[in-house]
Amino acid sequence: MKSASQEDDYTCALMNDERADVRSSISILESAVKLFPSANTVTAPSRCSDVSAIWAPCLCTLEMCIGWYPCGLKYCKGKPESALQNNGGSYRCGIKTCRKCHQYTYYVREKQQCLWDE
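Following this line, the structure appears as structure tokens:
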């Protein structure tokens, strides 16, 4: 059986290994990501839809939508059995649905990496 001190040392060693793994993962991610050209060194790139040269750098736009998600209760007016008890007022009759879209714009070194943005 391990003493409390041995268990603490073992836990600290595991935590240090996990921190090293996280640092390694972050450095791998950072090496794969390139900095966006600064405004001082390069003219701002155009949208890919405005660029004709397939090898030219540009800003790619991608729209992602969640077409349906529940976002509230739907209320109806009328005279079903439950509404009769509420003096003919509104009653819950379903789930209200919503749609949400986000537009992402990011830099690509070549228009051919963004052929959907036409």
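For the sequence shown, the positions run 1 to 118 when the UniProt record's numbering is used. Virtual Cβ for every residue (Gly too), placed ideally from N, Cα, C.
- For the pair residue 103 and residue 63, the CB atoms are nearer than the 8 Å cut-off.
- In this structure, residue 71 lies away from residue 48, with their beta-carbon atoms at least 8 Å apart.
- Apart from the 5 residues on each side of it in sequence, residue 57 sits with its Cβ closer than 6 Å to the Cβ of 45, 109 in its chain, given in chain order.
- In the three-state reduction of the DSSP assignment, residue 30 falls in the helix class, which pools H, G and I.
- As a beta-bridge residue in DSSP terms, residue 103 pairs with 63.
- Distance between residue 96 and residue 61, taken at the CA atoms: about 30 Å.
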